[in-house]
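K.L.:
Chains as they are written, first to last, in our numbering: chain A, 1 to 283; chain B, 1 to 527. Using N, Cα and C, we set each Cβ at its ideal position, and we do this for glycine too. Please read these numbers as outputs of a predicted model, since none were measured by experiment.
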Amino acid sequence: MSTTTGYYVPHDAKWSIVGSVGLCIFFVGLANLVNGGGWLTMLVGMAVVIYMMFGWFGLVVRESESGLYKAQEDLSFRMSMAWFIFSEVMFFAAFFGALFYARTFSGPWLGDISSTTNTVLYPAFDYVWPNNGPGNLGGDYQKMGWFGLPLINTLLLLTSGVTCTIAHHAIKDGDRSKMVRWLLATVILGFIFVGCQAYEYYEAYHHYNLKMTTGIYGSTFFMLTGFHGFHVCMGAIMLTVVMLRGAKGHFTADNHFAFEAAAWYWHFVDVVWLGLFLFVYIL
Amino acid sequence: MSAAADSHHDDHHHGPEKNFVKRWLYTTNHKDLGTLYLWFAFAMFFVGGLMALVIRAELFSPGLQFVDPQFFNSMTTMHAIVMIFGGVMPAFVGLANWMIPMMIGGPDMALPRLNNWSFWIMPFALAIFLSTLLMDGGGPASGWTLYAPLSLQGGDSFAFVIVSIHFMGISSVMGSINIIATILNMRAPGMTLMKMPLFVWTWLITAFLLIAVIPVFAGAVTMLLTDRYFGTSFFSAAGGGDPVMYQHIFWFFGHPEVYILILPAFGIVSQIIPTFARKPLFGYSSMVYATGSIAFLSFIVWAHHMFTVGMPLAGELFFMFATMMIAVPTGVKVFNWIATMWRGSMTFETPMLFALGFVVMFTFGGFSGLMLAMTPADIQYHDTYFVVAHFHYVLVPGAIFSIIAACYYWLPKWTGNMYDERLGKIHFWSSTFFVNLLFFPMHFVGLAGMPRRIPDYNLQFADMNMWASIGAFGFGGSQLLLLYIVIKCIKGGEKATDQVWEGAEGLEWTVASPAPYHTFETPPEIK
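Below, the structure written as C-alpha cells:
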C-alpha cells in the first residue's frame, strides 16, 4: 500500500449486492412458503446467498493470504466477530426471556385461584412445569428428560470444546497438521451432536407426542433447541471451512483469525447449550 | 476484471468509479455510502410523510371521508415503521458514515464492504415491507408494535412484514458492528476516547444499543411468526403463554430503540451549538457520562409503556421511578447546552436555528414524557393523542430537526457550496410554525380523551384536529423547500471555505470543501 498507515480499504464489492438480492429472494420465498407456497423461491434465494458467501469469503481469504491484512485490519475483524456473537447472545436472550417469563409469571398467574383469568376462564387449571396450557394444546405428551440423549449431547459438546482448544494450541505452536486433526475431531463431535438432536426430535414427535404445538412447553422447547441446533450446524460448517483451509496450508502461528472467530463461535454455542441443558431439560 | 485482481491494484488515490451504476452499487467509500443512506432516508421521509398526510386528511373533520378504517390503521402502522426504520435510523447511519471517519481521522469505515451491504439491504427490505400494501388483506394494521394477538389476525402479508423486519435488522446490526469497530479501531493516534467529538460518542453508545436490542426484536417477531404459522403458543393463554409477554419482549427492544432515535441527535446538537456560540461545549465529560447513563437506564424502564396492561404494584412503582430518573441525565444535557450558549458570541445561521429549535421543542417532549411516566396519570393518558403529541415532539422537532440541522451544518463540507441562507431561514420558521400547529393541539385533544389510531372522533375535537391537519400539510410542504435547497446547494452557490463556520472546530473542518473522495489516509496529528 502506498499510504503510511496502510489500512486496507477494499474497492469493488459486487458480493454485497449479490447478497442483498439473494437474501431478498430468500425472505420473499420464506414468506411465501409459510403462506402455503412452494419451496423453490426460498431455495433459489439460499443458493444465491451461498454463492455470495463462497465468492465473498473466497475473496477475503485470498486477500488475507496475500498479506493485505495487518494488525489493525485483524483487530477490526476480531471486534466485529465479538460484537456479532454478542448480538447472537441477545437473540437467544429473547427466547430464554420468554421461557423465564412463562415459568415465573404467566404460568403461575393462569393457575392462581385468586386471579380472575383462572376463576372465569380456566378454573380447572393447576400450574405445573412443564405444561401445555389450560387448553391442553396438542394433547397429552411426555416430558423430555435430561438423562440419556441430552446428557450425552452435553458431554459431546463439552468434549468438542476441549478438542477445539487443543487445536488452537496446536496452531499457536505452528503445528498445522495437529490443528487439522483436532479440528476434525471437533467437527465430528459437532455433527454427532446434530445427529443426536435430530434423533431426539424424532423421538419427541413420534413417541412422546411432544410437538411445537404442545402449548408453551413445546413452543419453548423447540424454539430454543431448534435455534441452538441451527447455530451448532453453522459453527460446525465454519470449523469445517477452517479445517479445510488448514489442510490447504493456510494459517500461521500468529495469523489465524478465522480459526479464532470460528472457535469463539463454537464456545458460544457450547455455553448456550449449558443454559439449555439446565433450564430446558433439568429444571 | 475479477474483484480479487482489482483489489491488488493500487487505486487508492483515484476518484470515484466513472460508471454510474457500478459506482453506486459497488462502492465501499464511506462518503458515497453516507450519501446513499441520506438520499434513501430522504425518500423514505416523503413516503412515510405521505402516509401521515393520509391520516391527517382523514382526521381533518369528524366522520369517515377518504379511507376505510382498515386502511387507516395500516397507514398509522406503516407510517411509524417507515419513519423509524426507513427514515430516522438510515439518516443517522448516513451521517455516521459521512462524518465519523472524518471526525476521528480515519481513512474509512473499518469494514467497507460490509458497509456497502448494510446499505444495499435497506432498499430491498423496505420494498418487501411496502409491497404488503398491494397484497390481499392489505398492509399490517395492528400498530407498529405488532401486539399479539391483534397482529396475528391480519392477512397473508403478515409473513412479509416479519421477514422485512428481519431483513432491516440484519442491516442495522451489521451497520452498528461496523460503527463500533470504526470508532474503537480507526481513530488517529492521539485521538483518545475522551477527545472524540460528541457525535462520535453518542453513535458509539447508540451502536451498542442497536446490537443489544435489535436481536431481541428479531426474537420477538420470530415468535409471532411461529405463533401464527407453526402453532406455537408463546402469546396464547390457552397454551400457557401470555399476550403480555409479547409486550414485555417488544418493549425491552422498543425502549432502547427510542433512544437509538435520539442519542445521535444529542450528538449533533452538541456539535452545532458550540460552533455557533463560539465556545467549547460546556461539561464535555458530563455529556459523555449522561449519554452512558441514559443508555443504561433505557434497559430498565420498558414496562412504562404497559402501565395499563396489568402488572404487580411493585413493577409499576419500579418502572415509574426508573423512568423518572432518566430526566436527570437528560436535564444535565439540556443545562449543558444552555451553559454552552451562556455569554457566547452567538449567531443564528440555519443549523443553529434548528439546533435551538431542537433544544426547546425536544424539552417539551421530554416534559410530557415525565407526565406519562407517572403511573396514576398514565392510566388517564394511555393510548390517547397526548401520547401521540409526546412522541412526535421528541421525534419530529427532536430527532428530525437534528437531522435537518446536521444537513445544513455539513452540506457545505459535502458539496463545497454554501446553501441558500435566506431559504434556509424560511424553511426553519415555516417548519417550526407548522410542526407546532400540527402537534401542540394533540396534547389538548389527548387530555380531553381522544383515542389514538381511530379514524373518526367526537365532534368536540373537530377544531383542533382541523388545525393539526393544516399543520401537517404545511409541515410536509415545507420539506419540499428543503429538497429544493439541497438540490440548489449541490448544483452551485457561494463557495465554502475549508472551515466553513467561523467557530467550527474538529478534524472534518481541516479537510477541503468539498471533502476529497479519500480523507486521512495518512492520520492527522492530534494536539
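Taking contact to mean 3 or more Cβ pairs, one atom from each stretch, closer than 8 Å, check whether the segment 459 to 471 of chain B and the segment 397 to 406 of chain B are in contact.
P.N.:
These segments do not touch.
K.L.:
For the structure I just gave you, are there three or more beta carbon pairs, one from the segment 151 to 171 of chain B and one from the segment 126 to 137 of chain B, closer than 8 Å?
P.N.:
The segment 151 to 171 of chain B is in contact with the segment 126 to 137 of chain B.
K.L.:
Which residue comes first and which comes last in the alpha helix (DSSP H) that contains Lys96 of chain A?
P.N.:
Lys is not the amino acid found at residue 96 of chain A; the sequence shown has Phe there. Unbroken alpha helix (DSSP H) run through Phe96 of chain A: Ala71 to Tyr101.
K.L.:
Sort A:Val187, A:Met223 and A:Val180 by Cα distance to Leu158 of chain A and report the nearest one.
P.N.:
Ranking A:Val187, A:Met223 and A:Val180 by Cα distance to Leu158 of chain A puts A:Val187 first.
K.L.:
Assign Tyr37 of chain B to buried or exposed, taking buried as 16 or more other Cβ atoms, counted over all protein chains shown, within 10 Å of its Cβ.
P.N.:
Buried, because 16 or more other Cβ atoms sit within 10 Å of the Cβ of Tyr37 of chain B.
K.L.:
Where does Pro451 of chain B sit, in a helix, a strand or coil, going by DSSP?
P.N.:
Pro451 of chain B falls in the strand class under three-state DSSP.
K.L.:
Check the C-beta distance from Asn118 of chain A over to Gly111 of chain A and give it rounded, since I have them as a contact under 8 Å.
P.N.:
With a Cβ gap of about 6 Å, Asn118 of chain A and Gly111 of chain A count as contacting.
K.L.:
Which same chain residues, not among the five before or five after Gly6 of chain A, have their C-beta less than 6 Å away from its C-beta?
P.N.:
Taken in chain order, the list of residues that qualify is empty.
K.L.:
Alpha carbon to alpha carbon, how far is Ala512 of chain B from Lys413 of chain B?
P.N.:
Those two C-alpha atoms are separated by around 8 Å.
K.L.:
Classify Asn19 of chain B as buried or exposed, calling it buried when 16 or more other Cβ atoms lie within 10 Å of its own Cβ.
P.N.:
Burial call: exposed.
K.L.:
Flag this pair as yes or no: are the beta carbons of Trp264 of chain A and Ile85 of chain A separated by less than 9 Å?
P.N.:
Going by C-beta atoms, Trp264 of chain A is nearer than 9 Å to Ile85 of chain A.
K.L.:
Does Arg228 of chain B pass the burial test, meaning 16 or more other C-beta atoms within 10 Å, or should it be called exposed?
P.N.:
Answer is buried; the Cβ neighbour count reaches 16.
K.L.:
For Gly446 of chain B and Val388 of chain B, which I take to be in contact (beta-carbon distance under 8 Å), what is that distance rounded to the nearest angstrom?
P.N.:
Between Val388 of chain B and Gly446 of chain B the Cβ distance is about 7 Å, and since that is below 8 Å, they are a contact.
K.L.:
Contact criterion: CB-CB distance below 9 Å. Does Ile50 of chain A meet it with respect to chain B?
P.N.:
Judged by the 9 Å Cβ criterion, Ile50 of chain A is not in contact with chain B.
K.L.:
On the CB-based measure, 16 or more other CB atoms within 10 Å of its CB, does Ser66 of chain A come out buried or exposed?
P.N.:
Burial call: exposed.
K.L.:
Closest to Met179 of chain A by C-alpha separation, out of A:His228, A:Met243 and A:Trp129, would be which residue?
P.N.:
Ranking A:His228, A:Met243 and A:Trp129 by Cα distance to Met179 of chain A puts A:Met243 first.
K.L.:
To which residues of the same chain is Met223 of chain B closer than 8 Å at the C-beta, ignoring the five residues directly before and after it?
P.N.:
Same-chain partners within the cutoff: Thr232, Phe234, Phe235, Tyr246 and Ile249.
K.L.:
With which residues is Thr384 of chain B paired in a DSSP beta bridge?
P.N.:
Looking at the DSSP assignment, Thr384 of chain B forms a beta bridge with B:Pro451.
K.L.:
Specify, as a first and last residue, the run of the alpha helix (DSSP H) that Glu63 of chain A falls within.
P.N.:
Leu40 to Glu65 is the extent of the alpha helix (DSSP H) around Glu63 of chain A.
K.L.:
Check distances from the C-beta atoms of the segment 194 to 225 of chain A to those of chain B and list, in chain order, the residues that come in under 9 Å.
P.N.:
Listed in sequence order: Lys211, Met212, Thr213, Thr214, Gly215, Ile216, Tyr217, Gly218, Ser219, Thr220, Phe222 and Met223.
K.L.:
So for Asn458 of chain B, helix, strand or coil by DSSP?
P.N.:
If DSSP states are grouped into helix, strand and coil, Asn458 of chain B belongs with coil.
K.L.:
Given that Gln142 of chain A touches chain B, what residues does it touch there, using C-beta distances under 8 Å?
P.N.:
Here the premise fails: no neighbours, minimum Cβ distance about 17 Å.
K.L.:
Out of B:Glu508, B:Tyr517 and B:Pro514, point me to the one whose CA is closest to Ile526 of chain B's CA.
P.N.:
Checking every option, the nearest Cα to that of Ile526 of chain B belongs to B:Glu508.
K.L.:
Give me the Cβ distance between Leu23 of chain A and Ile162 of chain B, rounded to the nearest whole Å; I'm assuming they're in contact under 8 Å.
P.N.:
Not confirmed; about 14 Å, so no contact.
K.L.:
Does Trp39 of chain A have its Cβ less than 9 Å from a Cβ in chain B?
P.N.:
No, Trp39 of chain A does not count as interfacial toward chain B.
K.L.:
Spatial neighbours of Lys172 of chain A within its chain, please: C-beta separation below 7 Å, excluding the five flanking residues on both sides.
P.N.:
Once the five neighbours on either side are set aside, the close Cβ partners of Lys172 of chain A are Ala253.
K.L.:
Which of the three DSSP states, helix, strand or coil, is assigned to Thr4 of chain A?
P.N.:
For Thr4 of chain A, the pLDDT reaches just 43, beneath the cut-off of 50, and the residue's location in the model is therefore unreliable, although a value from the coordinates is still provided. Thr4 of chain A: coil per DSSP, three-state reduction.
K.L.:
Look up Thr252 of chain A in the DSSP assignment and say whether it is helix, strand or coil.
P.N.:
In the structure shown, Thr252 of chain A sits in a strand (DSSP, three-state: E or B).
K.L.:
Could you confirm whether any beta carbon from chain B is found closer than 9 Å to the beta carbon of Thr186 of chain A?
P.N.:
Chain B contact via Cβ: absent.
K.L.:
Between Asp11 of chain B and chain A, is there a C-beta pair that is closer than 9 Å?
P.N.:
Low local confidence applies: a pLDDT of 44 at Asp11 of chain B is under 50, so the model's placement there is unreliable, and no value is given.
K.L.:
Do Lys211 of chain A and Tyr202 of chain A have their CB atoms nearer than 9 Å?
P.N.:
No, Cβ-Cβ distance for Lys211 of chain A and Tyr202 of chain A is not below 9 Å.
K.L.:
On a CA-only basis, which of A:Trp129, A:Phe57 and A:Leu278 is nearest Gly239 of chain B? Give me that one, please.
P.N.:
That would be A:Trp129, whose Cα lies nearest to the Cα of Gly239 of chain B.
K.L.:
By alpha-carbon positions, which one of A:Leu155, A:Ile282, A:Trp266 and A:Phe279 ends up nearest to Phe88 of chain A?
P.N.:
Looking at the sequence shown, residue 88 of chain A is not Phe but Glu. Selected option, being the one with the closest Cα: A:Trp266.
K.L.:
List the residues that DSSP assigns as beta-bridge partners of Asn29 of chain B.
P.N.:
Note: Asn29 of chain B sits in no beta bridge, so no partner.
K.L.:
Keeping to the same chain, check which residues put their C-beta closer than 7 Å to that of Ala141 of chain B; ignore five residues upstream and five downstream.
P.N.:
Here the set comprises Gln70, Asn73, Ser74, Thr77 and Gly154.
K.L.:
Quick one: what's got a C-beta closer than 8 Å to Val328 of chain B's C-beta in the same chain, skipping five residues either side?
P.N.:
Taken in chain order, the residues that qualify are Ser293.
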